[in-house]
Amino acid sequence: MHKTSDNNKSKRVVAFPHMGNIYIPVSAMLRIMGAELLLPPENNSETLTIGTRHSIETVCLPYKMNLGNYIQALESGANVLLMFQAPGSCRLGNYATMAEAKLKELGYEFEMVVFDMYKGKIKEIAKKFSHATGTTNILKTLRGIRIALAKINTLDEVENRLLFLRPREYKKGSAEKVYIYAKKEIHKADTVKELKATLKNINKKYDAIEYDSKKEVLKVYLTGEFFVQLDPFTNMEIERELGNLGVEVERQVMFSHWSNNTLMPKFLQKEESHRDRSARMAKKYIKRAIGGECLESVGDVIYAADKNIAGVIHVGPFNCNPEIVTQCILPNVSKSEDIPVISFSMDEMTGKAGLVTRLEAFVDLINRRRRSKKTA
Amino acid sequence: MKIGIPRALSYYNYYPFWHGFFSELGVELVLSDKTTKKLVTEGSALVVSETCLPVKVYVGHVLNLLDKDIDVIYSPSIQSIAPKIYNCSKLRGLPDLIRNVVNKNFLLIEPTLDKSEPNQGFYQYLYESVAPLGITDKKLIKKASKAGWECMNNFSIMTRSGVDIPTAMRNAINGKISLESTQKEGMAKVAVISHGYNIYDEQVSMKMFKKLKQLDIEAYTSYNLTIEQMNEGIKNLDTVLYWANEHEMTGAAGYYLKDDNIDGVITLTAFGCGPDSLMIERITRYAKRFNKPLLNLTTDEHTGEAGFVTRIEAFTDMLIRKKRTSIVNSLKRQVVKKEEEKRLVGVE
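Going down the list, the protein sequences come from chains X and E.
Residue numbers for the first sequence follow my numbering, beginning at 831 and rising by one.
Residue numbers for the second sequence follow my numbering, beginning at 204 and rising by one.
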């Protein structure tokens, strides 16, 4: 196994783990702040294999993925690793120290910078980013934060259009193509101005796609654990599979909601945050926050029932403590609120064929339900 | 007034307190039966299969109480025991889980103890514990809590001086104190690291203590330690408290791993326990560093007793053999030393 070379010890090469598209805003920010960045390859089966090899058996999938990312980054010469710890207390809070110990044991030399979101939000981010990059220039930091937030909003807009077009387009895969192009272009943009031009360009491409505007499309909510929801590799591209089955997916966690809700001070927020809404709605079934996204998942199902959505798909990593409680509670919620719910636990053993079969069955079920409701 | 307490999870940590507290207020406590295979099966049927064994056992105990026609069940949610020190999600949401999976008509008393929140402290927890029963006099509750602590402290004093848990529990409830250790001298000393609800549930731990006694091994647990000793243990493993029930795992392990009187450490985890999987990883790493023999055992509802016992036997055999060798070697060394001394004297 390689060790990071000693001759350029002073140079800080920063790497961070993948979670869906989050690399786009984060790397923009780091770049503006003047850091040398090393992007590990996007999550793939090799990442998972490496991560699994060096993890304990029952630890959850996000940890295995992160560890795989770290090792791949270290092998290519990174020496500063970033780790995010969001509020909400599950095993996640242990992962930074555990990964650090494991990687040191494997013989790598690096520094771990942990973002502890318990301690403060925007301030902690600015402080830790400037530590990681070695920049003390506050202007650069602010510019970095600004471009990151702008990219988050742009990405969400682009993604929402993809989710809308996927079940409706005539030629399957054309929206997907635009989306892949869009991701690349957004990643490239360096200023907010450039970003705006890029978005215009992307929207033009989206507008060119022909789709069936009269098609009756059922809508499902995708909810569950944060990482699995946002990372397409980990959730086996469940959104695309559903889109191909002719179902529109509304993911309950979008980056922009999340960044608004967690980073902005409460009095500046206009709408009720996702968490507050969920806590209010879920009260009948679950009275207290238990860490992770349990409250959100239960709340989303009830919200979906209120909005007359066709069904809810709940995903989480295998052996995720909060999501197990959710899985135990959901059958009762589904019955009392009269809405179909299906749960998926993802781990390194999950086969895609089985997942697709169950999704097909679920889509059949919600279709038939709708039809019988209409005739009744 | 009768309320049912499931003989599972926090029963093993707090029952003496509850007994003192509720008795003072004139509430009678009814315990569920001891865990059986049937009880575990019935409990597992109601939750998803991924759920950890202790929670399945807990659900089984709730059902057992309902079968006994107890229709008030006490199921606390211990959210956090100190600022930012949280419990496992499954324990935090335990009453919520019970309410949703047990589809029967009963009153669930679900007080919350959350020391990370400003208004959810200990007295609020006690208030919520008895308010559904119609007791709302705060002075009375405070007085009862004193009675609870008395009982709890008696229990802790006894366990720390080496009285085994069932005896200590019995004595504490009857208001007796006996400080005479029930520990008999054995061939080797082993520390068993696990949560109380795993090792003292005979169905889950497969009567591990009896087995160790038969093998002539002394067993020590976290119940024999004080909080200070366990804090020291956590420091020994270069970590800080993260989980609410970390003392009995990392703390006890850290203390015993550095204790020269202990010959080996056995950890027992329930399959699917999230916090334990992380704590065990650390314990394993440090056991290597401290050069202490360690056996990791995992149990679930399908674990066969035979395989379990064989591994314990093999481990303890190894410990005894190791101990014997070291004694023989040190004796040999003494003999050699004496001979050498003699020779040196002869030379002079």
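Virtual Cβ for every residue (Gly too), placed ideally from N, Cα, C.
Keep in mind the model is a prediction, meaning the values are calculated, not measured.
I want to see whether chain E comes within less than 7 Å of K833(X), judged by CB atoms only; does it?
Annotation note: pLDDT 45 at K833(X) (below 50); position unreliable, coordinate value reported separately. With 7 Å as the cut-off, K833(X) does not count as an interface residue toward chain E.
Counting pairs of beta carbons, one from the segment 227–247 of chain E and one from the segment 370–384 of chain E, are three or more of them closer than 8 Å?
no
Inter-stretch contact (C-beta, 8 Å, three-pair minimum) for the segment 1180–1196 of chain X and the segment 1152–1161 of chain X
no
Check whether chain X comes within 7 Å of K445(E), counting only Cβ atoms and requiring the distance to be less than that.
A small correction: the amino acid at residue 445(E) is Tyr; Lys does not occupy that position in the sequence shown. Yes, because at least one Cβ of chain X sits closer than 7 Å to the Cβ of Y445(E).
Whose Cβ in chain E lies nearer than 9 Å to the Cβ of M928(X)?
L481, E484, R485
Should L1098(X) go down as buried or exposed, given a rule of 16 or more other Cβ atoms within 10 Å for buried?
exposed
With DSSP as the reference, label K1182(X) as helix, strand or coil.
helix
For chain X, is any of its Cβ atoms less than 7 Å away from the one on S292(E)?
yes
Please confirm whether A845(X) and L891(X) have their CB atoms less than 7 Å apart.
no
Beta strand (DSSP E) segments (min. 3 residues) lying fully within the segment 909–957 of chain X
910–915, 941–946
Residue ranges of each alpha helix (DSSP H) run of no fewer than 4 residues wholly in the segment 226–292 of chain E, ordered along the chain?
240–247, 256–270
Considering only residues of the segment 313–352 of chain E, which uninterrupted alpha helix (DSSP H) runs meet the minimum length of 4 residues and lie entirely inside it, listed in chain order?
325–333
F325(E), buried or exposed, once every other Cβ within 10 Å from all chains shown has been counted against 16:
exposed
Could you run through the segment 277–291 of chain E and flag, in chain order, every residue whose CB is less than 8 Å away from some CB of chain X?
S280, Q282, K287, Y289, C291
Exposure label - A865(X); buried when at least 16 CB within 10 Å:
buried
Could you please give the first and the last residue of the uninterrupted beta strand (DSSP E) stretch that includes N499(E)?
497–502
In chain order, what residues of the same chain lie with their CB nearer than 8 Å to the CB of N290(E), ignoring the 5 residues before and after it?
I281, Q282, S283, I284, W446, A447, N448
Given that a residue counts as buried once 16 or more other Cβ atoms are within 10 Å of its Cβ, and exposed if not, what is D462(E)?
buried
Name the residue from R921(X), T927(X), M863(X) whose alpha carbon lies nearest to the alpha carbon of E941(X).
T927(X)
Contacting residues, own chain, Cβ-Cβ under 7 Å from V944(X) (five flanking each side not counted):
M913, Q915, A926
List, in chain order, every chain E residue whose beta-carbon is nearer than 9 Å to that of V889(X).
G477, S480, L481, E484
Simplified DSSP state of K1026(X), which is helix, strand or coil:
helix
Enumerate, from N- to C-terminal direction, the unbroken alpha helix (DSSP H) stretches of 4 or more residues contained entirely within the segment 1062–1141 of chain X.
1068–1074, 1085–1093, 1104–1112, 1124–1136
For G399(E), which of helix, strand or coil comes out of DSSP?
helix
I'd like to know if G510(E) contacts chain X, where contact means its C-beta is closer than 7 Å to some C-beta of that chain.
no
At the 7 Å Cβ level, is T251(E) part of the contact set with chain X, yes or no?
First, the residue type needs correcting, since residue 251(E) is Val and not Thr in the sequence shown. With 7 Å as the cut-off, V251(E) counts as an interface residue toward chain X.
What residue range is occupied by the uninterrupted beta strand (DSSP E) comprising V843(X)?
843–845
Name the chain E residues that come within less than 8 Å of V1155(X), Cβ to Cβ?
S292, K293, G296, D299, L300
Cβ-based burial, K932(X) [other Cβ within 10 Å; buried from 16]:
buried
Taking the straight line between their C-alpha atoms, what separation do you get for V548(E) and I886(X)?
59 Å
By the 10 Å Cβ neighbour count, where 16 or more other Cβ atoms means buried, how is L850(X) classified, buried or exposed?
Here the sequence assigns Gly to residue 850(X), which means Leu is not the residue at that position. That one is buried.
Can you give the beta carbon distance from V1163(X) to I1132(X), rounded, assuming they're within the 8 Å contact cut?
7 Å
Can you list, in chain order, the residues of its chain whose CB lies under 8 Å from that of F493(E), leaving out five sequence neighbours each side?
L460, K461
In three-state DSSP terms, what is G907(X)?
coil
Following the continuous beta strand (DSSP E) through F1156(X), name the residue where it begins and the one where it ends.
Note on identity: in this sequence residue 1156(X) is Thr, with Phe being the wrong assignment. T1156(X) -> not in any beta strand (DSSP E); alpha helix (DSSP H) instead, spanning 1151–1167.
Could you check which residue in K970(X), R1198(X), V1050(X), L867(X) has the C-alpha nearest to that of A1135(X)?
V1050(X)
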